[in-house]
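Peer 1: In the numbering used here, the protein residues as written are -6 to 224.
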């Protein structure tokens, strides 16, 4: 009852002709929402066992965040790993050069690339994360994205996204005004929620795309993660 049918919708930030300054402005709202509503916590929760294992093995890690926005997820991951005595090198990927440059505020390195054709060797990155990106893709493109994440990862893939919910959409719309979100952020945020997933849907998408059985979990703030081993 509280889970609407999945809707395709149109997100304004998906338009490649959008002014880069507006994209950057809206991504600041995304980073703020990640912090306030659980996007960061969801990825860190999935990352925690991998950091603990690296701590026990006394080895550093490399994390690639695909569709990194302003690099808020890599930054939080690096700080989390550091508090647990693990050196985590972070790399961010964005589609445009302008956004890749903006991402360097959070990721140590950032580059422009297509998420469906990542410029990294197979198995060359310990952990590959992808937060709130999958719902932008449908059918073959979603399969290509998940295949590339799996190809590049050496240890684990973590995909984080939104759990579809009427309540989540309504609350985001309401709180976006006092938080001062840009109208583009408000519009795209609601559309993103209606593009989100249930646990069964996300598990099935991963299974069909890469023939891996993902561990799928719900998190506070209507977030959902899928984690799997690439090998």
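Yeah, the Cβ is synthetic: ideal placement off N, Cα and C, and Gly gets one too. It should be emphasised that the depicted structure is a prediction, and the values quoted were computed from it without experimental measurement.
Does DSSP put residue 131 in a helix, in a strand, or in coil?
Peer 2: Counted from its first residue, the chain shown places residue 131 at position 138. Three-state DSSP puts residue 131 in coil, outside helix and strand.
Peer 1: In whole angstroms, what separates the C-alpha of residue 253 from that of residue 161?
Peer 2: Missing from the structure shown is residue 253; the chain here goes from -6 to 224 and no further.
Peer 1: For residue 38, which residues of its own chain have a beta-carbon under 8 Å away from its beta-carbon, when the five flanking residues on both sides are left out?
Peer 2: For the purposes of this step, residue 38 is taken as residue 45 along the chain shown, with counting starting at 1. The answer, listed in chain order, is 210, 212 and 218.
Peer 1: Whole alpha helix (DSSP H) runs in the segment 89 to 114 with 4 or more residues, listed along the chain?
Peer 2: Entirely contained in the segment 89 to 114, the alpha helix (DSSP H) runs reaching 4 residues are, in chain order, 90 to 96.
Peer 1: Quick one: is residue 215 buried, meaning 16 or more other Cβ sit within 10 Å of its Cβ, or exposed?
Peer 2: Numbered from 1 along the chain shown, position 222 holds the residue referred to as residue 215. By the 10 Å Cβ count, residue 215 comes out buried.
Peer 1: Which residues does DSSP list as the beta-bridge partners of residue 212?
Peer 2: Counting from 1 along the chain shown, the entry for residue 212 is found at position 219. The partner list for residue 212 (beta bridge, DSSP) reads 216.
Peer 1: Would DSSP call residue 4 helix, strand or coil?
Peer 2: Walking along the chain shown from the start, residue 4 turns up at place 11. Correct three-state label for residue 4: coil.
Peer 1: Within the segment 177 to 211, note down every full alpha helix (DSSP H) run reaching 4 residues or more, in order along the chain.
Peer 2: Counting whole runs of 4 or more residues, the segment 177 to 211 contains the alpha helix (DSSP H) stretches 192 to 203.
Peer 1: Could you tell me which of 42, 22 and 79 sits nearest to residue 65, measuring between CA atoms?
Peer 2: As a working mapping, residue 65 is identified with position 72 in the chain shown. When each option's Cα is compared against that of residue 65, the closest is 22.
Peer 1: How close, in whole Å, do the beta carbons of residue 189 and residue 128 come, if the pair is a contact with beta carbons under 8 Å?
Peer 2: Taking the chain shown and counting its residues from 1, one reaches residue 189 at position 196. Taking the chain shown and counting its residues from 1, one reaches residue 128 at position 135. With a Cβ gap of about 6 Å, residue 189 and residue 128 count as contacting.
Peer 1: Measuring CA to CA, which of 131, 173, 112 and 170 is closest to residue 144?
Peer 2: Your numbering for residue 144 matches position 151 in the chain shown. The residue with the shortest Cα to Cα distance from residue 144 is 112.
Peer 1: With C-beta atoms as the reference, is residue 16 less than 8 Å away from residue 6?
Peer 2: Stepping through the chain shown from its first residue, residue 16 is reached at position 23. Stepping through the chain shown from its first residue, residue 6 is reached at position 13. A contact, by the Cβ cut-off of 8 Å.
Peer 1: If the criterion is Cβ atoms closer than 8 Å, does the pair residue 108 and residue 141 meet it?
Peer 2: For the purposes of this step, residue 108 is identified with residue 115 of the chain shown, where counting begins at 1. For the purposes of this step, residue 141 is identified with residue 148 of the chain shown, where counting begins at 1. Cβ atoms of residue 108 and residue 141: closer than 8 Å.
Peer 1: Which first and last residues belong to the beta strand (DSSP E) in which residue 149 is found?
Peer 2: Residue numbering aside, residue 149 sits at position 156 when the chain shown is read from its first letter. Looking at the DSSP string, the run of the beta strand (DSSP E) that includes residue 149 is 146 to 155.
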